[in-house]
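Structure first, commentary second.
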Amino acid sequence: MKAIILLFDSLNKNYLPPYGDLLTKAPNFQRLAAHAATFDNSYVGSMPCMP
């Protein structure tokens with residue numbers, strides 16, 4: 001089994017095309033999401049990093 005886990009700091013999923021954003025262009029990310037498992041709910045272990 002091969003696994004790719006993407007972690008983002010301070011990124012709202014609503015800014016990603018697989019989750020409905022029509023303005024952002026991310027063809028490689030869209031292709032990956034089309035062939036992978038995606039999740040609608042997530043939980044974080046710590047607060048986001050902010051300046």
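Take the sequence shown: its position 7, counting from 1, is numbered 7 in the UniProt record's numbering, and each next residue is one higher.
The C-beta atom is built at its ideal place from N, Cα and C for all residues, glycine as well.
This one's a predicted model, so the numbers in the text were calculated from it and none came from an experiment.
* Can you give the Cα-Cα distance for A33 and Y43, rounded to whole angstroms? -> Taking the first residue of the sequence shown as position 1, residue 33 is located at position 33. Taking the first residue of the sequence shown as position 1, residue 43 is located at position 43. Going by the C-alpha atoms only, they are around 19 Å apart.
* To do: Output the distance between the C-alpha atoms of D21 and Y15, rounded to the nearest integer angstrom.
  => Within the sequence shown, residue 21 is the residue found at index 21, counting from 1. Within the sequence shown, residue 15 is the residue found at index 15, counting from 1. Computed Cα separation, rounded: 5 Å.
* Please confirm whether P17 and A26 have their CB atoms less than 8 Å apart. => The residue you call residue 17 lines up with position 17 of the sequence shown. The residue you call residue 26 lines up with position 26 of the sequence shown. Yes, the Cβ-Cβ distance between P17 and A26 is below 8 Å.
* **Bounding residues of the alpha helix (DSSP H) (the contiguous stretch that carries residue 56)** => Residue 56 lies beyond the residue range present for the chain, which begins at 1 and ends at 51; the question has no answer from this structure.
* **Same chain, Cβ closer than 7 Å to K13, five either side skipped, listed in chain order** => Locating residue 13 in the sequence shown gives position 13, where the first residue counts as 1. Excluding the 5 residues flanking it on each side, K13 has same chain C-beta neighbours closer than 7 Å at Y19, in chain order.
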